[in-house]
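Remarks on the structure that follows.
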Amino acid sequence: MDRYFSRKSTLNVTEIFDHTIKKEKITIKYLDALVTAQTYREIKTKSITDDFYSNLIDWYNDKIFFAVEDSIFVHDFYTLETSFVYKIPETNITSIKGTHNKIIIGSSMGDLYYFDIPKQKLTKRNYHTSRIGVIKQETSNLLTGSRDKTINIIDIRSSKTSHTLKSHTQEVCGIDISKNFLNLATGGNDNKLFIFDYRNLNYPLVKCSQHKAAVKALSWSPLNSNLLVSGGGTADKTVKLWDIDNITGSSSDCLINSMDYGSQVCNLKWLLNNQIVSTHGYSKNDIRISDPLNFKCQKQFLGHRNRVIHFSVSQDERFFVTGSSDCSIKFWELRNEMFNELKIR
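In terms of our numbering, the sequence shown opens at residue 42 and continues consecutively.
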């Protein structure tokens with residue numbers, strides 16, 4: 042895939058990006074958790090959108106795709122090279138998803154762009170009437186969530202919409218599919234969380250109304266497909282644990298635990314080692330690793346000055362990347378030896 046990005050950029054990339062490898066290390070014990078400001082790598086950017094509903098970074102294999110203004114860039118994790126990929130003039134990019142040979146881009150107008158990497162060709166299709174803020178992919182389908190309150194399930198091979206979900210009454214800002222592809226969770230700016238049987242999307246299994254703000258952050262357990270964590274926005278600040286095996290007639294039956302994190306919850310990722318990574322906005326602007334059962338913070342990452350809105354994890358879950366409007370994209374190490382060997386009391 043590297044050869045597809047070998048062409049010279051028409052932009053002066055060095056004027057937009059400055060790569061730095063952080064040498065300093067700041068670690069202290071704070072509230073029984075390790076606090077670190079050590080980044081693994083950092084890219085200084087010209088600008089990155091401060092929009093809670095956008096998702097402008099995606100990690101696929103060894104490539105990190107991200108959007109700056111109306112342009113798409115790719116960063117090679119191993120060579121450290123950042124390359125300009127394509128510019129979509131007069132387009133407000135609101136989401137991005139990398140695949141083996143395509144980059145999928147959502148726009149504020151409801152258009153979905155497919156950029157064919159080998160052919161260097163851009164195709165535009167319209168699936169929504171407003172902003173596409175979230176794109177998820179499973180084996181044969183794309184799922185897109187929009188400000189038009191709908192979720193479209195798009196067949197990757199035919200590019201046709203096979204199903205449209207209309208459960209939310211405001212913008213759809215969170216989507217996640219369980220690892221076994223049996224369960225679908227959706228979150229919206231209406232403060233609602235819906236859980237569906239992915240094999241029967243006509244009606245949700247349950248509607249959860251316990252959050253008091255937008256539900257963007259969603260992640261299913263990779264170990265137990267019945268467990269889900271969700272996070273709420275500024276007026277909520279909680280992370281909630283759900284067990285859908287407990288669904289009877291009320292959403293309160295499947296709510297296992299809830300913790301006030303004291304900050305807007307922007308993203309959640311449940312890792313294979315049974316830890317949760319969360320990124321936050323107002324007012325902490327930090328990243329945390331927590332235990333999903335009691336939500337005890339085990340490690341805190343500091344460094345961003347503004348909301349940590351944009352986020353993705355490497356496939357091997359050794360690293361993750363974050364983006365903020367403080368003009369920086371930061372890489373962090375999840376599994377360094379010091380943290381693995383540190384005994385947290």
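Glycine residues also receive a C-beta, built at the ideal position from the N, C-alpha and C atoms. These numbers come from a predicted model, not from an experiment.
The stretch 168 to 183 and the stretch 94 to 107 touch, with three or more beta-carbon pairs separated by less than 8 Å. Between GLY344 and THR80, the C-beta spacing is below 8 Å.
Note that the stretch 243 to 257 touches the stretch 222 to 233; at least 3 beta-carbon pairs, one per stretch, sit closer than 8 Å.
For GLN305, there is no enclosing beta strand (DSSP E), as DSSP gives it neither H nor E. Between the stretch 117 to 137 and the stretch 145 to 153 there are three or more C-beta pairs closer than 8 Å, enough to call the two in contact.
Relative to LEU75, the option among ASN142, SER271, SER203 and SER331 whose CA is nearest is SER331.
Its chain contains LYS128, ILE129, PRO130, GLU131, THR132, ASN133 and ILE134 as the residues whose beta carbon lies nearer than 8 Å to that of ASP111, once the 5 sequence neighbours on both sides are disregarded; these appear in chain order. For CYS214, the uninterrupted beta strand (DSSP E) run begins and ends at 213 to 218, by DSSP. The three-state reading of DSSP puts ILE144 in strand, counting E and B together.
No Cβ-Cβ contact shorter than 8 Å links PHE342 with ASP357.
With contacts defined by Cβ atoms closer than 8 Å, THR275 and SER299 do not form a contacting pair. The beta carbon of CYS338 sits closer than 6 Å to the beta carbons of ALA74, ARG329 and SER331 from its chain, once the five residues preceding and following it are set aside; these are given in chain order. When the beta-carbon positions are compared, SER319 and ASN335 stay at least 8 Å from each other. Shortest Cα-Cα distance from ASN347 to any of SER324, SER355, CYS214 and TYR154 involves SER324. For ASN265, the three-state secondary structure derived from DSSP is coil.
Short of 6 Å from the beta carbon of PHE156, and not among the five residues preceding or following it, lie these beta carbons of its own chain, in chain order: TYR127, ILE144 and LEU163. Listed in chain order, the non-local C-beta contacts of THR205 below 8 Å within the same chain comprise THR191, ILE192, ASN193 and ILE194, local neighbours out to five positions each way being set aside. Spatial neighbours of LYS248 in its own chain (CB-CB distance under 7 Å, excluding positions within 5 residues in sequence) are listed in chain order as LYS233, PHE235 and SER292. In the displayed model, ILE129 falls within coil according to three-state DSSP, outside both helix and strand.
In the DSSP assignment, ASP196 falls within the unbroken beta strand (DSSP E) covering 192 to 196.
ILE317 has its alpha-carbon roughly 22 Å from the corresponding atom of SER250. Residue burial annotation: HIS116 is buried, with at least 16 other C-beta atoms found within 10 angstroms of its C-beta. Exposure of LEU121 is indicated by the presence of fewer than 16 other C-beta atoms within 10 angstroms of its C-beta.
Around GLY215, the same chain offers GLY228, VAL256, LYS257 and LEU259 as residues with beta carbons nearer than 6 Å, after the five sequence neighbours per side are excluded. DSSP places LEU184 in the uninterrupted beta strand (DSSP E) bounded by 182 to 187. A direct Cα-to-Cα measurement between THR170 and THR77 gives close to 43 Å.
Per DSSP, SER366 has no beta-bridge partner at all. In the three-state reduction of the DSSP assignment, SER203 falls in the strand class, which pools E and B.
The beta carbon of ASP284 sits closer than 7 Å to those of ASN267, LEU268, CYS295 and ILE297, all from its chain and outside the five residues before and after it, given in chain order.
Inclusion of THR90 and SER366 in the CB contact set at 8 Å is warranted, their separation being smaller than that value. Around the beta carbon of ASN182, 16 or more other beta carbons sit within 10 angstroms, so the residue counts as buried.
THR140 and VAL354 have their C-alpha atoms spaced approximately 14 Å apart. Closest option to LEU223, judged by alpha-carbon separation, among PRO263, GLY151 and LYS340: PRO263. In the structure shown, the three-state DSSP call for SER250 is coil. Cβ neighbours of ASP103 within its own chain (closer than 7 Å, five residues either side excluded): ASP117, PHE118 and TYR119.
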